[in-house]
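So the structure is just underneath, and the comments pick up after that.
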Amino acid sequence: MNELLMIYKKLYRCFGPQNWWPGDTPFEIAVGAVLTQNTNWGNVEKAIQNLKKQGVLSSGGIHGLSVKELASLIKPAGYFNVKAKRLRSFLDFLMNEYRGRMENMAREDLTQLRPKLLRIHGIGPETADSILLYALEKPIFVIDAYTKRILSRHGITASDGSYAEFQELFHASLKRDVHLYNEYHALFVRAGKTFCRRTKPLCEKCPLHDML
DNA sequence: TGCCAGGCCGGGT
DNA sequence: ACCCGGCATGGC
Numbered sequence: 001m002n003e004l005l006m007i008y009k010k011l012y013r014c015f016g017p018q019n020w021w022p023g024d025t026p027f028e029i030a031v032g033a034v035l036t037q038n039t040n041w042g043n044v045e046k047a048i049q050n051l052k053k054q055g056v057l058s059s060g061g062i063h064g065l066s067v068k069e070l071a072s073l074i075k076p077a078g079y080f081n082v083k084a085k086r087l088r089s090f091l092d093f094l095m096n097e098y099r100g101r102m103e104n105m106a107r108e109d110l111t112q113l114r115p116k117l118l119r120i121h122g123i124g125p126e127t128a129d130s131i132l133l134y135a136l137e138k139p140i141f142v143i144d145a146y147t148k149r150i151l152s153r154h155g156i157t158a159s160d161g162s163y164a165e166f167q168e169l170f171h172a173s174l175k176r177d178v179h180l181y182n183e184y185h186a187l188f189v190r191a192g193k194t195f196c197r198r199t200k201p202l203c204e205k206c207p208l209h210d211m212l
């Protein structure tokens, strides 16, 4: 059995199923993916609640706000001026290309869609792949800071690989399976929060500790 | 109290 | 092709 699959099994045994993404609809997931950029999820939830409370958590709803209004609603998520523009860019794309409907976007092929998402201002590889995997259920592996840190601290990989290099490692080692990729990335985040924060030294309670 | 959080962009080497 | 500073709130 390959190493990445073993790691998955260890994390799953330790933490169980994560049932991601914590969001109700594909649109909400996409919005959350932008808002959670370098930001604690708890703060994102507050921002999303504000949007819901205002009844604007829909493509038409957000599209109808000014950038300034949007920024004030998403303030708890931090970087609110930046993220308001990024959400606006995403909504322009969603409205223009898919008439505001995530299900229209979902019909497009992964290899066609990913480059389009990456052209949107404020959508980088992790945000694009989060939308593809969690909102649109496309089989693509999401790499984040926790994934890189956990693998490098345990000596599985070097720490300086690019996003594409890390992603390729997963794609080459694991079957293309939406459910597997969904749970695996969520488990990395869970394990990272628990055992592998930026400055915290490696914890002997980490389920991967014996892989050093 | 600082440190940290599920990045990305733009300008400079 | 990298490297770095900027962006900002809230919880522990």
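Under the working numbering, the residue at position 76 of the first sequence is numbered 76, and the numbers go up by one with no gaps.
The beta carbon of each residue, even a glycine, is placed where N, CA and C say it ideally should be.
Problem set entry | Straight-line gap, Tyr181 to Lys205 (C-alpha atoms, nearest Å) | The count along the first sequence starts at 1 and reaches residue 181 at position 181. The count along the first sequence starts at 1 and reaches residue 205 at position 205. Note on geometry: alpha-carbon atoms of Tyr181 and Lys205 lie some 24 Å from one another.
Problem set entry | Per-residue DSSP class, three states only, for Met95 | Locating residue 95 in the first sequence gives position 95, counting from the first residue. In the structure shown, Met95 sits in a helix (DSSP, three-state: H, G or I).
Exercise. Should Val142 be labelled buried (16 or more other beta-carbon atoms within 10 Å of its own) or exposed?
Worked result: Residue 142 sits at position 142 when you count from the first residue of the first sequence. Taking a 10 Å sphere around the C-beta of Val142, we find 16 or more other C-beta atoms and assign the residue as buried.
Exercise. Using the rule of at least 16 other Cβ atoms within 10 Å of the residue's Cβ for burial, across every protein chain shown, is Lys175 buried or exposed?
Worked result: In the first sequence, residue 175 corresponds to position 175, counting from 1. The residue in question, Lys175, is exposed, as its Cβ has fewer than 16 Cβ neighbours within 10 Å.
For this session: Quick one: which unbroken alpha helix (DSSP H) runs of 4-plus residues sit fully inside the segment 5-85? Chain order, please.
Result: Correct list: 26-35, 41-53, 59-63 and 67-73.
Exercise. Straight-line CA distance for Asn96 to Glu137?
Worked result: As a first step, residue 96 is located in the first sequence; it is residue number 96 there, counting from the start. As a first step, residue 137 is located in the first sequence; it is residue number 137 there, counting from the start. A straight-line Cα-Cα distance of about 22 Å links Asn96 and Glu137.
Problem set entry | the segment 149-158 / the segment 188-196 touching (three or more Cβ pairs under 8 Å) | Counting Cβ pairs under 8 Å, three or more are found: they touch.
For this session: Quick one: residues in its chain with C-beta nearer than 7 Å to the C-beta of Pro27, no 5 flanking neighbours on either side, listed in chain order?
Result: Translated into the one-based positions of the first sequence, residue 27 becomes position 27. Note on residue identity: the sequence assigns Phe, not Pro, to residue 27. Exclusion of the five residues before and after Phe27 leaves Ser58, Ser59 and Met102 as the residues of its chain whose Cβ lies within less than 7 Å of its Cβ.
Exercise. Whose C-alpha, out of Leu35, Glu3 and Tyr12, is nearest the C-alpha of His179?
Worked result: Within the first sequence, numbered from 1, the residue matching residue 179 stands at position 179. Sorting Leu35, Glu3 and Tyr12 by C-alpha distance to the C-alpha of His179 places Tyr12 at the top.
Problem set entry | Cα-Cα separation between Glu69 and Gly32, rounded to whole angstroms | As a first step, residue 69 is located in the first sequence; it is residue number 69 there, counting from the start. As a first step, residue 32 is located in the first sequence; it is residue number 32 there, counting from the start. Those two C-alpha atoms are separated by around 18 Å.
For this session: Taking all protein chains shown into account, decide if Pro17 is buried (16 or more other Cβ within 10 angstroms of its Cβ) or exposed.
Result: Within the first sequence, the letter at position 17 stands for residue 17. Exposed.
For this session: Could you pull out every residue in the same chain whose Cβ sits closer than 7 Å to the Cβ of Pro115, ignoring the five residues on either side in sequence?
Result: Within the first sequence, the letter at position 115 stands for residue 115. Counting only Cβ-Cβ distances below 7 Å, and skipping sequence neighbours, we find nothing.
Exercise. Which of helix, strand or coil does DSSP assign to Thr157?
Worked result: In the first sequence, residue 157 corresponds to position 157, counting from 1. Residue state, collapsed to three classes: coil.
Problem set entry | Residue nearest to Leu133 in terms of C-alpha spacing, selected from His154, Ile74, His121 and Thr111 | The count along the first sequence starts at 1 and reaches residue 133 at position 133. Measuring from the Cα of Leu133, the nearest candidate turns out to be Thr111.
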